[in-house]
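Start counting the sequence shown at 2; every next residue gets the next number (this note's numbering). All C-beta atoms, glycine included, are put in the ideal place defined by N, C-alpha and C. Every value quoted in this text rests on a predicted model; they were computed, and no experiment measured them.
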Amino acid sequence: MTTAPVVPTGPSPGAAGAPGVAKTSGLAIASLVAGILGLCTAGLGGIAGLVLGIIALRKIRRSGGALRGRGLAIAGLIVSVCTVLVWVLAAVVVGVLLLPPSSKEVEEDRSPVKRAAAPAVAQPALAAPTAAAPAELTLDLGGGVTMKMVLIPAGKFMMGSPDSAQGPIDFEVPQHEVILSKPFYMGVTEVTQAQYQAVMGKNPSEFKGATNPVETVSWNDATEFCKKLSEKAGQAVRLPTEAEWEYPCRAGTQTAFSFGDDLSALGDYAWWDGNSDKTTHPVGQKKPNSWGLYDMHGNVWEWCADWYGEYPKGPVTDPSGPATGYGGRVLRGGAWYYGGSDYFRCAFRHCHAPTCRDYFFFGFRCARTL
Ligand SMILES: [Ca+2]
Numbered sequence: 002m003t004t005a006p007v008v009p010t011g012p013s014p015g016a017a018g019a020p021g022v023a024k025t026s027g028l029a030i031a032s033l034v035a036g037i038l039g040l041c042t043a044g045l046g047g048i049a050g051l052v053l054g055i056i057a058l059r060k061i062r063r064s065g066g067a068l069r070g071r072g073l074a075i076a077g078l079i080v081s082v083c084t085v086l087v088w089v090l091a092a093v094v095v096g097v098l099l100l101p102p103s104s105k106e107v108e109e110d111r112s113p114v115k116r117a118a119a120p121a122v123a124q125p126a127l128a129a130p131t132a133a134a135p136a137e138l139t140l141d142l143g144g145g146v147t148m149k150m151v152l153i154p155a156g157k158f159m160m161g162s163p164d165s166a167q168g169p170i171d172f173e174v175p176q177h178e179v180i181l182s183k184p185f186y187m188g189v190t191e192v193t194q195a196q197y198q199a200v201m202g203k204n205p206s207e208f209k210g211a212t213n214p215v216e217t218v219s220w221n222d223a224t225e226f227c228k229k230l231s232e233k234a235g236q237a238v239r240l241p242t243e244a245e246w247e248y249p250c251r252a253g254t255q256t257a258f259s260f261g262d263d264l265s266a267l268g269d270y271a272w273w274d275g276n277s278d279k280t281t282h283p284v285g286q287k288k289p290n291s292w293g294l295y296d297m298h299g300n301v302w303e304w305c306a307d308w309y310g311e312y313p314k315g316p317v318t319d320p321s322g323p324a325t326g327y328g329g330r331v332l333r334g335g336a337w338y339y340g341g342s343d344y345f346r347c348a349f350r351h352c353h354a355p356t357c358r359d360y361f362f363f364g365f366r367c368a369r370t371l
């Protein structure tokens with residue numbers, strides 16, 4: 002096209018072939034129109050415009066510039082070329098969009114964030130993970146009465162007393178590793194009389210007080226309370242196993258008490274013979290241990306789920322005690338009635354018949370399966 006003769010601006014003297022001029026200009030116009038139409042018809046018109054424009058230019062060149070329409074033909078060609086380019090570009094874009102995703106993109110699409118946004122039906126095997134368990138839990142016992150619990154993490158600890166410990170009771174040894182493989186909730190306080198009344202409709206306690214711990218309850222009474230509360234609150238409430246009691250009592254320590262080995266600090270954390278004035282006291286008045294639990298030492302003994310029996314000789318996971326034991330259920334933590342240091346140690350074990358409700362210092366606290 003760059004070598005084509007210059008198109009005269011005026012009518013050629015030998016322009017006898019007017020029909021030829023008209024025909025060539027018509028081709029050029031057709032080229033332009035086809036190119037424009039090509040913009041709207043996804044390329045086919047553009048190709049037609051190209052063909053028509055080239056034919057027009059060839060005829061103009063053969064005529065030695067006698068034929069008019071070169072500008073129109075060139076314009077038609079430009080539009081047509083642009084149309085074809087747009088068409089190719091559109092085809093490339095569409096092709097990219099329709100290409101199967103790369104393995105990386107597939108992996109990213111399975112990320113938790115995108116998974117959570119995807120319909121559950123479309124990704125049944127990749128359901129969104131459950132929300133993390135809250136650190137605290139409040140159970141509704143009805144009548145405005147609640148029970149607060151805290152999340153106890155899964156973990157491991159050394160249960161019992163070392164052989165060399167001063168004054169360990171025989172059944173505190175051998176000290177052994179316990180793994181608690183699942184987190185669980187533990188009552189922040191002993192079960193109060195208001196809580197017991199709300200669930201059981203009665204209060205057997207000797208020392209009356211809505212916020213005092215319930216006492217004069219047997220192991221059977223305690224398990225019945227947990228069963229009824231589970232039905233009422235729709236929660237899996239139960240007594241803690243003995244290991245589930247000692248683990249949060251220690252709260253990460255291996256000392257005699259959760260606050261160390263200094264007996265002189267006992268009064269800051271526990272109601273015992275030295276400060277109780279011979280009665281129970283409202284729960285939660287002394288200092289909590291570092292895991293937020295009150296009265297793990299003192300106030301009332303706390304029933305545990307296990308039968309009382311010998312400890313295993315090696316590491317155990319999620320222990321639940323012997324099958325029958327020695328006829329008694331475990332009690333832990335000491336009580337307001339008792340003096341000395343032994344009864345309040347984290348490792349100290351006590352027991353009594355599960356039917357016994359003769360003592361005004363036997364109480365309990367609840368655990369809840371996660
Ligand atoms: Ca207690």
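In this chain, the beta strand (DSSP E) harbouring residue 139 covers 137-143. The DSSP-derived three-state label of residue 370 is strand.
Counting only the Cα atoms, residue 261 lies some 16 Å from residue 158. With distances taken between CA atoms, residue 254 lies nearest to 292 out of 360, 174, 279 and 292. The Cβ neighbour count for residue 247, taken over all protein chains shown within 10 Å, is at least 16; the residue is labelled buried. Here residue 182 is exposed. Its C-beta has fewer than 16 other C-beta atoms within 10 Å. Judged by DSSP secondary structure, residue 308 falls within the beta strand (DSSP E) whose first and last residues are 302-308. Going by beta carbons, residue 174 and residue 197 fall outside the 9 Å limit. Under DSSP, the beta-bridge partners assigned to residue 330 are 308 and 353. As DSSP reads the structure, residue 148 sits in a beta bridge with 140. Between residue 204 and the set 186, 187 and 223, the nearest pair of CA atoms involves 223. Per the Cβ contact rule, the segment 228-248 is in contact with the segment 298-307 (3 or more Cβ pairs under 8 Å). Between residue 210 and residue 283, the C-beta gap is smaller than 9 Å, which places the two residues in contact.
Distances from the CA of residue 300 to each of 278, 315, 148 and 144 were compared; the closest alpha carbon is that of 278.
Residue 286 counts as exposed, since fewer than 16 other beta carbons sit within 10 angstroms of its beta carbon. Under the three-state reduction of DSSP, residue 247 is assigned to helix.
Excluding the 5 residues flanking it on each side, residue 134 has same chain C-beta neighbours closer than 7 Å at 152, 184 and 371, in chain order.
Excluding residues up to 5 positions away in sequence, 175 and 177 lie with their Cβ nearer than 8 Å to the Cβ of residue 314 in the same chain.
Judged by the Cβ position, residue 296 qualifies as a neighbour of ligand 1 at the 8 Å threshold, a heavy atom of the ligand being closer than this. By the CB criterion at 9 Å, residue 334 and residue 349 fall inside the cutoff.
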